[in-house]
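Everything on this sheet refers to the single structure shown next.
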Amino acid sequence: MKKENKHISTLIVIGFLLVSFFFNETKPYKFIKFYIDKYSIYYPTLLIALMSWLLLSNLRHRNKENKTLVIITTENDNYYRILPYIFGSLTIIVSLILIYYSIFDFKILIQVTFIGVLLIISGILYEPVNYVQIKKEKLIFNIDNIKKWIKLDKIKSINIQSDKIVVLEKSDRINNIDHLNMTTIDLEKLEDFLKSNIKTNTEIESV
1 MKKENKHIST LIVIGFLLVS FFFNETKPYK FIKFYIDKYS IYYPTLLIAL
51 MSWLLLSNLR HRNKENKTLV IITTENDNYY RILPYIFGSL TIIVSLILIY
101 YSIFDFKILI QVTFIGVLLI ISGILYEPVN YVQIKKEKLI FNIDNIKKWI
151 KLDKIKSINI QSDKIVVLEK SDRINNIDHL NMTTIDLEKL EDFLKSNIKT
201 NTEIESV
């Protein structure tokens, strides 16, 4: 089973912003200090743009089930749903306190407050984006933004459980998709999906 990670670019952008904030505090070199002092006012705007893009990306995944794809849930989905509320609320509260006491630039604090609002909205609109897909003769698992896939003709059997999916290859190699959190309805839906889309002689069962 092969892996792909589609969010490397997002991590690079976030990492750049975090490193920039760090240098803004430590200021180890003069040319870095000049660069940070000149462009740091744009960081809240960049964060808003990044979060808006992530929010729109999440919206594109809503209700996207079709004949080649089925949504599944994992243990992390509850955390992903709750964390935006926590961080969003804290961001808004801290920003309002700083605005009240006239600490820091007012425009930047308004932008930071808006970031908090976006976080809360992302929590409200959150839906699991993990899925199982059959495409181009491949069985694809997208779990926590990590994509794994295996060719259909290499699969010997698929065992579906509430907390994991076990894919056994014809070479007897075992592939585990762990940390799932599926209900009985989810299990039945996934089993029906696999049986209707995998035409090879593959054993498929749910427990």
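First residue of the sequence shown: 1, per the working numbering; consecutive thereafter.
Here a beta-carbon is modelled for each residue, glycine too, at the ideal position from N, C-alpha and C.
| Check | Outcome |
| --- | --- |
| CB-CB under 6 angstroms to residue 119, same chain, minus the five flanking residues each way: which ones, in chain order? | 84, 87, 88 |
| Could you tell me whether the segment 175–185 touches the segment 73–81, using the rule of 3 or more Cβ pairs below 8 angstroms? | yes |
| Buried or exposed for residue 113, please, with buried defined as at least 16 other CB atoms from any protein chain shown within 10 angstroms of its CB. | buried |
| Mind reading off the beta-carbon distance from residue 70 to residue 187? Whole number of angstroms is fine, and I expect it under 8 angstroms. | Their Cβ separation, rounded to whole angstroms, is 11 angstroms, which puts residue 70 and residue 187 out of contact at 8 angstroms. |
| Is it right to say residue 196 is buried, meaning 16 or more other beta carbons lie within 10 angstroms of its own, or is it exposed? | exposed |
| Between residue 154 and residue 137, is the Cβ-Cβ spacing less than 7 angstroms? | no |
| Taking the straight line between their C-alpha atoms, what separation do you get for residue 49 and residue 116? | 13 angstroms |
| Run the CB neighbour count on residue 134, radius 10 Å, all protein chains shown included, and call it buried at 16 or more, exposed below. | buried |
| Excluding the five sequence neighbours on either side, which residues of its own chain have a C-beta within less than 7 angstroms of the C-beta of residue 143, listed in chain order? | 74, 130, 177 |
| Just to confirm my understanding: we take residue 96, look at its own chain, exclude 5 residues before and 5 after, and list those with CB closer than 8 angstroms. What are they? | 113 |
| Residue 79 lies in the beta strand (DSSP E); which residues open and close that run? | Where residue 79 is concerned, there is no enclosing beta strand (DSSP E), although the alpha helix (DSSP H) it sits in stretches over 77–100. |
| How is residue 188 classed by DSSP in three states: helix, strand or coil? | helix |
| Suppose contacts are defined by Cβ-Cβ distances below 7 angstroms. Is residue 167 in contact with residue 158 by that definition? | yes |
| Between which two residues does the alpha helix (DSSP H) harbouring residue 117 extend? | 106–124 |
| Am I right that residue 45 and residue 111 are in contact with their C-beta atoms under 8 angstroms? What's the rounded C-beta distance? | 6 angstroms |
| What's the C-alpha gap between residue 165 and residue 103? | 52 angstroms |
| Let me confirm a value: residue 162 is counted as buried when at least 16 other C-beta atoms fall within 10 Å, else exposed. Which label applies? | exposed |
| When you compare each of 90, 80, 198 to residue 151 by their alpha carbons, which one comes out closest? | 198 |
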